[in-house]
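Residue numbers (the numbering used here), protein chains in the order written: chain C, 1 to 137; chain X, 1 to 137.
For every residue, glycine included, the Cβ atom is placed at its ideal position computed from N, Cα and C.
Treat the numbers as computed from the prediction; the structure is a model and nothing was measured.
Report on the structure given below.
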DNA sequence: CCGAATCCAAATAGATACTG
DNA sequence: CAGTATCTATTTGGATTCGG
């Protein structure tokens, strides 16, 4: 799969035959950091929580549940650094900080959602496979 | 999160309004482990390498490059456990083991590719955002 | 040739306490 | 309210060695 004889769907392929091997390799390298960001334990949940609009720090913490202040702070900073999330400080007292998705962040939602739909559709199969594997060992 | 007033695009949504909140939450939980699997440093590269057909252990090691035996072995076992990859031992001497994608593994490729396409399209923006962020600090 | 086992270093995550 | 600082526990990854 993913050779020049790929499935032929219209999605832009990472494996474009018009690129030399080195560029295909570097394209592959480009994917890895994004998957690392999206694949970490919290980023997607945050992006998802922000999908319906801006949220404050502690609202996010409550919405997501199970995340420590530290990880929420670190992950938000990473998302901000990558241009996926904006951080807006209102100099009021008590202080208030809103986090919101950027256009880039919103554009990320669609492929993440596609993966989420896959996960949703197939996670019974995965769970079954895991049970089979664990039982046999 | 992701209320009925979502962006309204036509993509199949995780946030189907016909599901009660608890199901949306559990859907969210279902996504995380899959993203963790796909988001680790090597799984996607392995799935990708297997995309064009079965491969032997050391072929994979060479194809991927930079992966240790340990991580290749561990990651393959994880993918096998999740039912994404099959492991076939040929009792020859010297021994030979083929790894191949299952149907489930192949079905995963499409959403991964969508994410990869996003990464490809937007990674200049991400890099720029990172430079901006790093410069301003 | 395939890969398990061991050992070690580094990165990561949680809990807790503290600050503007 | 919105974090930072610190400490520790867990996870992760590489290198090396050994076995089937």
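One Cα belongs to residue 113(X), the other to residue 88(X), and the distance between them is close to 26 angstroms. One alpha carbon belongs to residue 37(X), the other to residue 106(C), and they sit about 23 angstroms apart.
If you look at residue 93(X), you'll find it isn't in any alpha helix (DSSP H); DSSP assigns it neither H nor E.
Cα atoms of residue 52(C) and residue 84(C): separation of roughly 15 angstroms, rounded to the nearest angstrom.
With a threshold of 7 angstroms between beta carbons, residue 91(X) makes no contact with chain C. The criterion of a C-beta distance shorter than 7 angstroms is not satisfied by residue 115(X) and residue 99(X). Collapsing the DSSP output to three states places residue 75(C) in a helix.
Excluding five sequence positions before and after residue 109(X), the CB atoms of its chain that fall closer than 7 angstroms to its own CB belong to 47 and 51, given in chain order. According to the DSSP assignment, residue 63(X) belongs to the alpha helix (DSSP H) that extends over 57-64. Beta bridge pairing from DSSP links residue 98(X) with 56(X) and 88(X). Nearest neighbour of residue 32(X) by Cα position, chosen from 34(C), 33(C) and 39(C), turns out to be 39(C). With at least 16 other beta carbons inside 10 angstroms of its own, residue 120(C) counts as buried. Around the beta carbon of residue 30(X), 16 or more other beta carbons sit within 10 angstroms, so the residue counts as buried.
In the DSSP assignment, residue 105(X) falls within the unbroken alpha helix (DSSP H) covering 103-136. Annotated three-state conformation of residue 67(C) is coil, per DSSP. Nearest CB-CB separation between residue 115(C) and chain X: below the 7 angstroms threshold. Spanning the alpha carbons of residue 54(X) and residue 102(C) requires a straight line of approximately 41 angstroms. With fewer than 16 other Cβ atoms from the protein chains shown falling within 10 Å of its own Cβ, residue 74(C) counts as exposed. Residue-level contact by beta carbon fails for residue 42(X) and chain C, as no gap is shorter than 7 angstroms. Here the alpha carbons of residue 64(C) and residue 45(C) stand approximately 7 angstroms from one another.
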